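Numbering (mature numbering (1 follows the signal peptide of the UniProt record, and there is no 0)), first residue to last: -19 to -1, 1 to 136. Structure, as structure tokens:
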Amino acid sequence: MIRLIQYVYLMCLSYKLVASNSYFSQEADDNKNSKINTGIALILKSESIKNKIENPSGYGKDLTKELYFFYEELQVLLKAIEETNFALTDAQLVTLKALVKEGGPSYLKAKVSNGLLIGKYGWTSIELNDFVEMINDSRSVWQKIDKTARTKNIV
């Protein structure tokens, strides 16, 4: 996790240096930094999801909401990568590079204990199956993102 934060921090510094040396106005710099911060937030959200899987706390519905949100963001990233006109925002590019460097969203590598999730979140077998399906769907989208990004030499 520390390596990921260091990498993201360095990525942000490089973008900030490029932005500050360009002809962009301060408003454009602020907008670019805002987009980069959004990318960082998404990367950190992945780690948060992993922690909630491995050390369940709070409510299961919050975990599934976060997981679904992240899945939707992966879908948006995949669509941007698949666009022929290379429509990635700065935030998406920062997110993509950091995720590729780490081998994908960290929650896809979480150690899942079905019994622990059922016990802590009070899930039924149906809710657990829905959760597993969301993880598998996220993994499938991530694999498409990784393959497409490498094929198009984006990362």
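Here a beta-carbon is modelled for each residue, glycine too, at the ideal position from N, C-alpha and C. Quick caveat, the model's predicted, so the values are computed rather than measured.
- For the pair L109 and K125, the Cα-to-Cα distance works out to about 25 angstroms.
- In the structure shown, N134 falls within a coil segment according to DSSP collapsed to helix, strand and coil.
- In the structure shown, E54 falls within a helical segment according to DSSP collapsed to helix, strand and coil.
- Listed in chain order, the non-local C-beta contacts of W123 below 8 angstroms within the same chain comprise L55, L80, G85, P86 and L89, local neighbours out to five positions each way being set aside.
- Proximity to S27 across I135, K128 and R120 peaks at R120, based on C-alpha coordinates.
- Between the C-alpha atoms of I21 and E53 there is a straight-line separation of about 16 angstroms.
- Straight-line spacing of the CA atoms in N95 and E35 works out to 10 angstroms.
- Out of Y40, K46 and F51, the CA that lies nearest to the CA of L25 is found in F51.
- About 5 angstroms separates the beta carbons of A61 and A68, which is inside the 8 angstroms limit, making them a contact pair.
- Between the C-alpha atoms of F112 and L59 there is a straight-line separation of about 21 angstroms.
- In chain order, I34, P37, G41, W104, L109 and F112 place their CB closer than 8 angstroms to the CB of L98, counting only its own chain and leaving out the 5 sequence neighbours on each side.
- Put simply, of A91, Y102, T70 and T76 the residue whose alpha carbon is nearest the alpha carbon of L23 is T76.
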